[in-house]
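S.K.: First the structure, which I've put down as structure tokens, then a few questions once you've had a look.
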Amino acid sequence: MPSPYRAIFSAPGSKGFSAAGFFGRMPLSMMGIGVVTMVSQLTGRYGLAGALSATLAMAAAVFGPQVSRLVDRYGQRRVLRPVTLVAVAAVAGLLVCAQQGMPDWTLFVFAAGAGCVPSVGSMVRARWAEIYRGSGRDLHTAYSWESIVDEVCFIFGPIISIGLSTAWFPEAGPLIAAAFLLVGVFWLTSQRATEPVPHPKTQHTGGSALRSPGLQVLVATFVATGAIFGAVDVVTVAFAEERGHKAAASLVLAVYALGSCLAGAVFGLLHLAGRPATRWLVGVCAMAVSMIPLQLAGNLPLLAVALFVAGLAIAPTMVTTMALVEAHVPRTKLTEGMTWTSTGLAVGVALGSSAAGWVVDAAGAKAGYAVPAVAGALAAAAAFLGYRRLAGPAATGGRGEDDRHLRTDDDEHVA
Numbered sequence: 001m002p003s004p005y006r007a008i009f010s011a012p013g014s015k016g017f018s019a020a021g022f023f024g025r026m027p028l029s030m031m032g033i034g035v036v037t038m039v040s041q042l043t044g045r046y047g048l049a050g051a052l053s054a055t056l057a058m059a060a061a062v063f064g065p066q067v068s069r070l071v072d073r074y075g076q077r078r079v080l081r082p083v084t085l086v087a088v089a090a091v092a093g094l095l096v097c098a099q100q101g102m103p104d105w106t107l108f109v110f111a112a113g114a115g116c117v118p119s120v121g122s123m124v125r126a127r128w129a130e131i132y133r134g135s136g137r138d139l140h141t142a143y144s145w146e147s148i149v150d151e152v153c154f155i156f157g158p159i160i161s162i163g164l165s166t167a168w169f170p171e172a173g174p175l176i177a178a179a180f181l182l183v184g185v186f187w188l189t190s191q192r193a194t195e196p197v198p199h200p201k202t203q204h205t206g207g208s209a210l211r212s213p214g215l216q217v218l219v220a221t222f223v224a225t226g227a228i229f230g231a232v233d234v235v236t237v238a239f240a241e242e243r244g245h246k247a248a249a250s251l252v253l254a255v256y257a258l259g260s261c262l263a264g265a266v267f268g269l270l271h272l273a274g275r276p277a278t279r280w281l282v283g284v285c286a287m288a289v290s291m292i293p294l295q296l297a298g299n300l301p302l303l304a305v306a307l308f309v310a311g312l313a314i315a316p317t318m319v320t321t322m323a324l325v326e327a328h329v330p331r332t333k334l335t336e337g338m339t340w341t342s343t344g345l346a347v348g349v350a351l352g353s354s355a356a357g358w359v360v361d362a363a364g365a366k367a368g369y370a371v372p373a374v375a376g377a378l379a380a381a382a383a384f385l386g387y388r389r390l391a392g393p394a395a396t397g398g399r400g401e402d403d404r405h406l407r408t409d410d411d412e413h414v415a
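Numbering follows the UniProt record's numbering, with no gaps: position 215 of the sequence shown is 215.
Given below as structure tokens:
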């Protein structure tokens, strides 16, 4: 492991919580695509499969920030364990209803319940921020490492989920995803030494973290970015099935994640000058442009090459996003702020997967790649329109304001 990555793991407990976070994040790449594969296997209806995946993502978008807000106030262990048990129970209900051929509305009810799964990535990044607060270089490397972990999940997650659902039984992918979630969350929350100190309600002044203008821009842009990811997942499965190699979809999507993983690994070794907001804008535009070649791919090998190139822009953009969140959101609301970006992605995944499912049903898989292209154009437009908010002084809505509140609370306590 290159020395900057070795250095961040010198902190006690860092290896343990990062490893636990890996298992806890596997469902992020397995659950949605597993539901799509399961439902398409059982019913042959990609429209229903996309709508269920969208419901799962939309529910996560609704519940995720609220769960993280509770975590900021009461701590990770007290909140994450009961929430995870609810999510796992809902997944179990979804699988039983799908296997038994129950009415569609029952599937949507349990899919909505499964959406209360916590944002494990935000929990892990909050621990890194607690350890390396004030050390921009180490925190950049830590965020890059977690982005690599994200992409490793997206390399292996779809392979496991799609592979098990097609080779074993249709419900296997979501079932294993739920098991990963249970193991990861309980392992993470058992590590109390690195858990960020919760902040009492009295320190949560100013309402939601989403009131930050910079965070609003990031979330709005990530809605469109999430639509790219959701659409690519659904359309790629359908594209592979049309060519008689449905199981190969997991390998193609793994190549997409591999491109991002390699880019993130290199990005973490760099110490870049200039404004993070500018790098973020370039990254979003690169993701948008990379969606155009997908519409020209006529077979799976060409599609894999196009997705690998497209993946190169993902991790650097995500790493820069976390740095911008850390700069624009008060410390007492950091977990919530990070989760709001995940929420934007989840909403986008819901919209993108649903739209892509309907387009595939109506016009075929190749036409479905127009959905991520449109989503990319919208992401670039949102990034351009909101760039000034991100490029402005971060302290007005981020750490500076938060530190003033904390000093006031400390002074009152001393008095």
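In this text, a Cβ means the ideal position worked out from N, Cα and C, and glycines have one as well.
Mind checking whether Ser-165 and Gly-34 have CB atoms under 8 Å apart?
M.R.: In the sequence shown, the residue the question calls residue 165 occupies position 165. In the sequence shown, the residue the question calls residue 34 occupies position 34. Yes, the Cβ-Cβ distance between Ser-165 and Gly-34 is below 8 Å.
S.K.: Cys-116 by DSSP, collapsed to three states: which one?
M.R.: Here residue 116 refers to the residue found at position 116 of the sequence shown. Note: Cys-116 maps to coil in three-state DSSP.
S.K.: According to DSSP, is Glu-171 helix, strand or coil?
M.R.: Sequence index remark: in the sequence shown, residue 171 carries index 171 (1-based). If DSSP states are grouped into helix, strand and coil, Glu-171 belongs with coil.
S.K.: Rounded to whole angstroms, how far is the Cβ of Ser-119 from the Cβ of Ser-68, which I believe are closer than 8 Å?
M.R.: Reading the sequence shown from its first residue, position 119 is the one you call residue 119. Reading the sequence shown from its first residue, position 68 is the one you call residue 68. Going by Cβ atoms, the distance from Ser-119 to Ser-68 rounds to 6 Å, so yes, they are a contact pair.
S.K.: Within its chain, find whatever has a CB closer than 6 Å to the CB of Gly-368; leave out the 5 residues flanking it on each side and keep chain order.
M.R.: Your numbering for residue 368 matches position 368 in the sequence shown. Hits under 6 Å: Val-235, Ala-356, Val-359 and Val-360.
S.K.: Which word fits Leu-296, buried or exposed, when buried means at least 16 other C-beta atoms lie within 10 angstroms of its C-beta?
M.R.: As a first step, residue 296 must be located in the sequence shown, where it is residue number 296. Exposed, because fewer than 16 other Cβ atoms sit within 10 Å of the Cβ of Leu-296.
S.K.: Express the C-alpha separation of Ala-247 and Ile-8 in angstroms, rounding to a whole number.
M.R.: As a working note, residue 8 is residue 8 in the sequence shown. As a working note, residue 247 is residue 247 in the sequence shown. Their backbone Cα atoms lie some 38 Å apart in a straight line.
S.K.: Three-state secondary structure (DSSP) at His-245?
M.R.: In the sequence shown, the residue the question calls residue 245 occupies position 245. Here His-245 sits in coil by DSSP.
S.K.: Any chance the stretch 249 to 264 sits against the stretch 315 to 323, with 3 or more Cβ pairs inside 8 Å?
M.R.: yes
S.K.: When burial is assigned at 16 or more other CB atoms within 10 Å of the CB, is Lys-15 buried or exposed?
M.R.: In the sequence shown, the residue the question calls residue 15 occupies position 15. Classification of Lys-15: exposed, given that the 10 Å Cβ count is below 16.
S.K.: Would you please state the rounded distance, in angstroms, between the beta carbons of Pro-158 and Ala-254? I believe it to be under 8 Å.
M.R.: For the purposes of this step, residue 158 is taken as residue 158 along the sequence shown, with counting starting at 1. For the purposes of this step, residue 254 is taken as residue 254 along the sequence shown, with counting starting at 1. That belief holds up - the Cβ atoms of Pro-158 and Ala-254 are roughly 6 Å apart, short of 8 Å.
S.K.: Straight-line CA distance for Arg-6 to Phe-239?
M.R.: Mapped onto the sequence shown, residue 6 falls at position 6. Mapped onto the sequence shown, residue 239 falls at position 239. Rounded to the nearest whole angstrom, the CA to CA distance from Arg-6 to Phe-239 is 41 Å.
S.K.: Could you name the residues of the same chain whose beta carbon sits closer than 6 Å to that of Ser-53, not counting the 5 residues immediately before and after it, in chain order?
M.R.: Walking along the sequence shown from the start, residue 53 turns up at place 53. Same-chain partners within the cutoff: Gly-32, Val-35, Val-36 and Ser-353.
S.K.: If we ignore side chains and look at the alpha-carbon of each, how far apart do Ala-49 and Ala-265 end up?
M.R.: For the purposes of this step, residue 49 is identified with residue 49 of the sequence shown, where counting begins at 1. For the purposes of this step, residue 265 is identified with residue 265 of the sequence shown, where counting begins at 1. Answer to the nearest angstrom: the Cα atoms are 34 Å apart.
S.K.: Please classify Trp-128 as buried or exposed, where buried requires at least 16 neighbouring CB atoms within 10 angstroms.
M.R.: The sequence position of residue 128 within the sequence shown is 128, counting from 1. By the 10 Å Cβ count, Trp-128 comes out buried.
S.K.: Could you check what DSSP says for Thr-55 in three-state terms: helix, strand or coil?
M.R.: Within the sequence shown, residue 55 is the residue found at index 55, counting from 1. Residue state, collapsed to three classes: helix.
S.K.: May I ask you to report which of helix, strand or coil DSSP gives Pro-103?
M.R.: Sequence index remark: in the sequence shown, residue 103 carries index 103 (1-based). Here Pro-103 sits in coil by DSSP.
S.K.: For His-204, which of helix, strand or coil comes out of DSSP?
M.R.: Counted from its first residue, the sequence shown places residue 204 at position 204. Residue confidence for His-204 is low, a pLDDT of 47 falling below 50, so the modelled location carries little weight; the figure read from the coordinates is stated next. The answer is coil: DSSP assigns His-204 none of H, G, I, E or B.
S.K.: Give me, in chain order, the residues of the same chain whose beta-carbon lies closer than 6 Å to that of Ala-379; leave out the 5 immediate sequence neighbours on both sides.
M.R.: As a first step, residue 379 must be located in the sequence shown, where it is residue number 379. The residues are Thr-221, Ala-224, Thr-225, Val-284 and Ala-288.
S.K.: The ligand GDP and Leu-262: does any heavy atom of the ligand fall closer than 7 Å to the residue's C-beta?
M.R.: Summarising the ligand content, the structure contains no ligands, and the ligand GDP is consequently not present.
S.K.: Can you round the beta-carbon distance between Val-185 and Arg-81 to whole angstroms, since I take them to be within the 8 Å contact cut?
M.R.: Looking up residue 185 in the sequence shown gives position 185. Looking up residue 81 in the sequence shown gives position 81. 7 Å between Cβ atoms; contact.
S.K.: Checking 8 Å against the spacing of the C-beta atoms, do Val-325 and Thr-341 come in under that value?
M.R.: Position 325 of the sequence shown holds residue 325. Position 341 of the sequence shown holds residue 341. It is a contact, given that the beta carbons lie within the stated cut-off.
S.K.: Whole-angstrom Cβ separation of Met-123 and Leu-188, contact assumed at under 8 Å?
M.R.: Within the sequence shown, numbered from 1, the residue matching residue 123 stands at position 123. Within the sequence shown, numbered from 1, the residue matching residue 188 stands at position 188. Sure, about 7 Å apart at Cβ, within 8 Å.
S.K.: For Ser-165, which three-state DSSP category applies?
M.R.: As a working mapping, residue 165 is identified with position 165 in the sequence shown. It is helical.
S.K.: Go through its chain and collect everything with a Cβ distance to Ala-98's Cβ below 8 Å, but skip five positions before and after it.
M.R.: One-based indexing of the sequence shown puts residue 98 at position 98. For Ala-98, where only same-chain residues beyond five positions count, the Cβ hits under 8 Å are Met-38, Val-39, Leu-42, Leu-107, Pro-170 and Glu-171.
S.K.: May I ask which residues mark the beginning and end of the alpha helix (DSSP H) holding Gln-191?
M.R.: Taking the first residue of the sequence shown as position 1, residue 191 is located at position 191. Secondary structure note for Gln-191: it is in no alpha helix (DSSP H), with a DSSP letter that is neither H nor E.
S.K.: Run the CB neighbour count on Leu-95, radius 10 Å, all protein chains shown included, and call it buried at 16 or more, exposed below.
M.R.: Locating residue 95 in the sequence shown gives position 95, counting from the first residue. Looking at its Cβ environment, which holds 16 or more other Cβ atoms inside 10 Å, Leu-95 is buried.
S.K.: Thinking just about the alpha-carbon of each residue, which of Gly-230, Arg-125, Leu-175 and Ala-227 is nearest to the one in Arg-331?
M.R.: Working through the sequence shown from its first residue, we reach residue 331 at position 331. The candidate whose alpha carbon is nearest that of Arg-331 is Arg-125.
S.K.: Spatial neighbours of Ala-193 within its chain, please: C-beta separation below 8 Å, excluding the five flanking residues on both sides.
M.R.: Counting from 1 along the sequence shown, the entry for residue 193 is found at position 193. Result list for Ala-193: Pro-12 and Gly-13, in chain order.
S.K.: Where does Ala-20 land, buried or exposed, given buried means 16+ other C-beta within 10 angstroms?
M.R.: In the sequence shown, the residue the question calls residue 20 occupies position 20. Label assigned to Ala-20: buried.
S.K.: Output the distance between the C-alpha atoms of Leu-70 and Val-117, rounded to the nearest integer angstrom.
M.R.: Translated into positions along the sequence shown, residue 70 becomes position 70. Translated into positions along the sequence shown, residue 117 becomes position 117. Looking at the two C-alpha atoms, the distance is approximately 14 Å.
S.K.: With C-beta atoms as the reference, is Phe-63 less than 8 Å away from Gly-115?
M.R.: By 1-based counting over the sequence shown, the position of residue 63 is 63. By 1-based counting over the sequence shown, the position of residue 115 is 115. In this structure, Gly-115 lies closer than 8 Å to Phe-63 by Cβ.
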